[in-house]
Every structure is written in C-alpha cells, then in structure tokens.
Amino acid sequence: MREWAKTIDDDGFYGYCEKGGENQYIYDKYVCGLVDIYEFMDCPEALEILGRITEYMERKCIDGADTTLDHEWYTVAENLYRAYLLSGEQRYFDFAKRFEYTDYWNAFAQEKDVFGILPPPEKREGFHAYSHVNTFSSAAMAYAATGEQSYLDTVVKAYDWLKETQLYATGGYGPEENLVVPDGLPDSLLEIKRNASDVDLRFHFETSCGSWAGFKMSKYLMRFTGQAHYGDWIERLIYNGVGALTEMNDYGMIMYGSNYSVFGGQKSRSTVWFCCQGSILQNLGDYSSLIYFKDAANLYVNLFLPSRVTWQRPEGTVVLEQQTGFPEANSVRLRIDSPKPATFGLRFRVPQWTEGNIAVTINGAPCKVVTIAGEWATIEREWHPGDEVRLSFDMTVRGEPLPGYLSPVAVMSGPVVLAKASVRPGSPGGVPAEGPLRYPADWLDIHGEVTINRSRQLHYDQELRPFYDMRSGEFYQLYHTRHGEQSFYPDAFDYTGEWTAEDHCRSSVSEGATCTIQFEGGAICLEGLRGEDGGQAEIQIDGERIGVMDQFGYTRARMPRYDQSTVPFRWSKDNLPAGVHTLTVTVQGSSCSDSSSCDIRITGAKVYTARKY
Ligand SMILES: [Zn+2]
1017 MREWAKTIDD
1027 DGFYGYCEKG
1037 GENQYIYDKY
1047 VCGLVDIYEF
1057 MDCPEALEIL
1067 GRITEYMERK
1077 CIDGADTTLD
1087 HEWYTVAENL
1097 YRAYLLSGEQ
1107 RYFDFAKRFE
1117 YTDYWNAFAQ
1127 EKDVFGILPP
1137 PEKREGFHAY
1147 SHVNTFSSAA
1157 MAYAATGEQS
1167 YLDTVVKAYD
1177 WLKETQLYAT
1187 GGYGPEENLV
1197 VPDGLPDSLL
1207 EIKRNASDVD
1217 LRFHFETSCG
1227 SWAGFKMSKY
1237 LMRFTGQAHY
1247 GDWIERLIYN
1257 GVGALTEMND
1267 YGMIMYGSNY
1277 SVFGGQKSRS
1287 TVWFCCQGSI
1297 LQNLGDYSSL
1307 IYFKDAANLY
1317 VNLFLPSRVT
1327 WQRPEGTVVL
1337 EQQTGFPEAN
1347 SVRLRIDSPK
1357 PATFGLRFRV
1367 PQWTEGNIAV
1377 TINGAPCKVV
1387 TIAGEWATIE
1397 REWHPGDEVR
1407 LSFDMTVRGE
1417 PLPGYLSPVA
1427 VMSGPVVLAK
1437 ASVRPGSPGG
1447 VPAEGPLRYP
1457 ADWLDIHGEV
1467 TINRSRQLHY
1477 DQELRPFYDM
1487 RSGEFYQLYH
1497 TRHGEQSFYP
1507 DAFDYTGEWT
1517 AEDHCRSSVS
1527 EGATCTIQFE
1537 GGAICLEGLR
1547 GEDGGQAEIQ
1557 IDGERIGVMD
1567 QFGYTRARMP
1577 RYDQSTVPFR
1587 WSKDNLPAGV
1597 HTLTVTVQGS
1607 SCSDSSSCDI
1617 RITGAKVYTA
1627 RKY
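Each step along the sequence shown adds one to the number in this note's numbering, with nothing skipped, and position 133 is 1149.
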C-alpha cells in the first residue's frame, strides 16, 4: 500500500485509465482494498490515502465533467458505506448514496420481474452476473448505514430469487456472465447457444469473483437476519465454486470460468492477471469470517472446516476446536478447549441437504438435539474443558435437478457436486457416500431413485468424483439428463380452436382453444415461449384442473455473447403414477396487466419415466 501510494499525484489522481471508461470500476477496487487494510490491519494510514483518492473522485464525479456512471459503478457503495461506518466521516456516506442502484434494487424489494427495467431490445443489454450479485452487498451495507428496511428487503428477496432461478447445484450462476431470464436456466446447460458473434457458450460461472460476491451476500444476510439457511450457499461455493478452481500457473493464468454443460467440459486456464486473480485472495481472506458467528449468548458454527475459534466474552474466554475431514469424512468433532467451564449455547447450522438428519453425541453419549433443516440446532449447557460434540451426517449420494425443473440433474454427496469422469487409477472416489462411486452404472442399479440417463451416458470405466477433484484438462460431465427422456414436438399434440403454426411453434390467442398430448410416463415438462404479449392458460391432467400457467416475460436481455431475447417457458409436473396420461392446455384469452396481448405458445414437451422404476 505504501509503495503504491507514492504513485498518487498531489491532486489525488491515482493513474486509472481515464479514457477506458472504467474510472469507477478501478476506484471500487482501491476503496475495497484500503478499507480492508484500515479495518483488519488497524492501519489509519489507509484511511488517509482513501481520503486523497476519494477527493479526486468527488471532484471528477460531482463537480467535474465526468458525471456519468460507468463500468460496474453499482458495486461502489458497499465499501464507501463500510468506510463511513468505520471512520464516521460523512463524506463517505454522501458519496456512497451516489452509487445506489435504486431501479434494480427496488425491483427485488417490490417483487417485480427485474428484466422489465431493461430498455426495449433495440439496445443490446442484460445483467452482468457477478456485479449484479455483488451490488446486493451494496444494498446490504446501505441497510447497515441507514437502517432502512427496504434495503434489507432487497437483499432477502434477491437471495430467494437467485436460489429459485439462477443457481446451479454448485452454487455457481451466470452463464457467459449473464443473469438468466425466467425458465432460462435449463437451456444454458442443454443447448449450444449461438448469437450474433456465432460462438459457443464457454462457461457457466465466473468462479472466483462470483464466489466472493456470494460469500459476502450470504454473510450479510446471516448477520442481519440471524438465519442459518443462508450458510448453505456459502458451503456450496466453498467446495464447488472457488474451491473447485485449479491452481494458478507460473504466467498468472487461472481457471476463469466453470463449465457445467450436459455435454461435458474441461477445466482450463485462461485469463492473465484479471479480476479473478485478485478475488481469489479476497475469497481466501473471507474464509476465516465465514466459519463462526456469535451473539451475546451463543457461538454459531456455520461451516464444517478444520479450525479453531477464540471467543472473548465478559464471562471469560471460550475456545472451540473443530476437527474434521468433512466432506471426505462424514463426521465433525467440536472440542471445547477453554481454560475454564462456561455456560453458552453452541449452535450449528443444519444444512438443507441433511433434511434434518444429523446424529449428535456429547462426550460419546447420544444426545437428543432438535435438528431442523435450514435452521440452527442449539446445545445449551455448562461446557467444560475437553467436552466434545460429534456430528455425523448421512452422505448418501442423491440426484438434484435444477430448482423447479425435472432435468438436468446433478449428482451430490452432502454439499459436494460429483462429476462423471474416467476412472483415475488409485482414486478412492473422495466422498464417504454409500455404495460404489466407481462404475456408476452399477451404482444406479443400487439407488434406483436417482434418475440420470443410464443408457446413453454411462460406461464401465467411469466413476463419480467431486468436481473439485477434477484436474486441469480432465474431461468430465457435471449435469446429466434425467433418465428415460422422450421429446415431443408441437405436431405430437391434438388441437381444437384457432392455432397458428410457425417455426416449430403453435400459438393461439383464442379463448377456449385447446391442445392435448397423451403420454406414458411419470413426469412431464410442457415447453413454450414467453413474450411481452404472453397470456394465460389452464392446465388439466387426466381431466383434473392442475393450475393456470402464465407466459408473460420480458424479451429484452441481449448481451453480445448470450442473446436471451427468446425467453423459454416451462411447466413441469412430477410424481405422476406410472402409466398413460393426458395433458390439456386451454387458452384463457386473458393475461397479466403488463402484457400487450394474450398469446399462448407451445413448442413441445419432455416426458420422463416415473421416479421409482
Ligand atoms: Zn472475475
């Protein structure tokens, strides 16, 4: 910091690229680093330097000609609010206000479709994924600085939205660095996406920066709400996000993106000294602030990692040591290493993947503890030096489809995503899963409930291994098509009333028009297209009304590498009894108030065998 500070001019100019239009982008990186040094290294000099470069930016952005907001400006507020809260200097609060992303944040607080804030599609635009997640940390710090509830509402609702619509099983998000339109997530794994520049989709997650943004957002949510379930995202990113990177090479090249396609991928290094090289260090620096939390009466264990924490309390010091090989072992030892007995609540996160099944012993004796998935479990008592709590997890391999869909499916053991690859001699498989992970065709026969396609994709010389264990250049497959998939096109449906046929699609605005498909299986996904003219239709299965579907959706997301102006629609029903079923769609001639018409568009269906077979 001191050496770099010598390069700052007397007027505070610090040598960013003036013509590149990235003034605020680079300022943001410096503010973050200086506030970190000020806070964590107790170094007042960092605040003095921050004051000098900020004075320059204030002159430029407020008084000067350069008042435009540029590259990733909407992530600047987080660290300025931190500077304000740490230093008490009003100037940082005032400057932070300038970088609030009000339209975007409010779309979440008010539960509106965020793609509606994009301009009409003549202009190429979308949401750059990492920075549009990182901006929620700015909203979180705006809440910390002002106490205004709408900021916290933004972050809470944005988290739910990310979990429901954007996150892969790894915790990663953002194919080609884009947030995806409604129902767009399955397509990102299935098709080779082409657009104006005619290139294939290269990766699904900007891994290092994206993990860092997820860590911070989850950490703020845990601090402000006290809820445990936000820790699940951190856990997934630790093992399958930044933890699944290969190491940097001598040239400074790293694995920038992770590929999750059902057609397979490889880990490879690309960029030299980019954003992600820096955020790897930020990720590592964050680990120590993600494992434990505290309040006046409780010590919280968020992550199951070998570690030691010292908690200074007015009543005396508490020391806890965690010994574990998790997730390659299925148990965790929490040992009290305090100098004196102490009464407090020891709370540990019950991950959602456990479904609440955790066996707990205290000093070797089984202990009844309420373990509800997604919540904290609490053991409150007087703890003595040497007391030991042991947690044991069920790591049985399971299939996890994309949230809300039937397929593709990821294979998981605990929080770890397993990928399929050729058998590596001597590899033990890595995780303590029940049943053999080598030769997954055999394993699938044992666990008939997991539904990955056995006929097309499994070979005798393959095994499932943690994604983090895949080496650079090794070929793997992370997502799998659900077993027994059959595809149907629009001509497989029977139609009544007025329908128009166009480009692999049938559409209708005519109230009472129907389309019907008969299928044999246990699950169906009806496929269509959303649009700004999308309407509503009723769905019946075997003559029984199941629900109403709505095909409205904004068609404005067009980024150069990932055009999402064609917005897919999916409606799924699982767990039907095995056998022949009839699905009927009846056009309602109605729509939501934002729609310009009431179009229903059908492009086909996918049918799968029943879950138990
Ligand atoms: Zn990056």
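Glycine is no exception: its CB is placed at the ideal position from the N, C-alpha and C atoms. A quick note: this is a predicted structure, and the numbers were derived from the prediction, not measured.
Quick one: what does DSSP say residue i is sitting in, helix, strand or coil?
i	result
C991	Outside the modelled stretch of the chain, which goes from 1017 to 1629, sits residue 991, for which no answer is possible.
I1042	helix
F1115	coil
M1238	helix
A1185	coil
P1431	coil
F1683	In the structure displayed, the chain extends from 1017 to 1629; residue 1683 sits before or after that span and is not available.
K1128	coil
H1496	strand
M1157	helix
I1300	The sequence given here places Leu at residue 1300; Ile does not occur at that position. Helix, per DSSP.
C1608	coil
S1224	helix
N1256	helix
W1392	strand
I1378	strand
T1326	strand
V1278	coil
D1410	coil
I1053	helix
M1073	helix
D1169	helix
A1093	helix
T1512	strand
Measure the C-alpha to C-alpha separation of residue i and residue j and round it to an integer number of angstroms.
i	j	result
S1323	F1509	59 Å
A1174	L1422	23 Å
Q1580	F1143	11 Å
W1587	Y1505	15 Å
I1024	Y1043	13 Å
R1107	E1074	9 Å
M1575	G1547	18 Å
G1280	V1623	23 Å
R1522	V1130	28 Å
L1201	S1147	19 Å
G1551	T1582	16 Å
S1153	I1254	18 Å
H1597	E1127	35 Å
Y1167	A1155	5 Å
H1525	I1618	The sequence given here has Val at residue 1525, not His. Going from the Cα of V1525 to the Cα of I1618 covers about 12 Å.
T1625	G1595	9 Å
T1162	E1105	14 Å
Y1492	E1164	46 Å
V1172	W1121	11 Å
Can you find the residues in the same chain that come closer than 7 Å, C-beta to C-beta, to residue i, ignoring five residues on each side of it along the sequence?
i	result
M1157	A1093, E1094, Y1097 and R1098
A1529	T1512, G1513, E1514, W1515 and V1603
W1089	Q1040 and F1115
W1289	G1268
I believe residue i touches residue j by the beta-carbon criterion, under 8 Å. Please report the beta-carbon distance rounded to the nearest angstrom.
i	j	result
A1621	L1542	5 Å
W1228	N1275	So it is not a contact: roughly 20 Å between Cβ atoms.
D1566	S1612	Rounded, the Cβ-Cβ distance is 14 Å, inconsistent with contact.
K1589	I1533	With 8 Å as the limit, K1589 and I1533 do not qualify as a contact, their Cβ atoms being about 12 Å apart.
V1278	T1223	V1278 to T1223, Cβ: 19 Å. No contact.
Spatial neighbours of residue i within its chain, please: CB distance less than 6 Å, with the 5 preceding and 5 following residues excluded, ordered by chain position.
i	result
R1487	none
P1367	D1248
E1180	P1419
Y1030	I1024 and I1069
V1335	T1326, D1353 and S1354
F1320	T1340, F1342 and V1348
E1416	A1185, A1426 and M1428
Q1502	V1623
G1605	E1527 and C1614
A1112	A1093, L1096 and Y1097
W1392	A1244 and R1363
Looking only at its own chain, which residues have a Cβ that is under 8 Å from the Cβ of residue i, when we skip the five neighbours before and after it?
i	result
Y1054	P1060, A1062, L1063, L1066, A1099, L1102 and S1103
G1294	K1045
S1204	P1191, V1196, L1217 and H1220
G1242	D1311
Could you tell me whether any non-hydrogen atom of ligand 3 is closer than 7 Å to the CB of residue i?
i	result
S1286	This structure simply doesn't include ligand 3; it includes ligand 1 instead.
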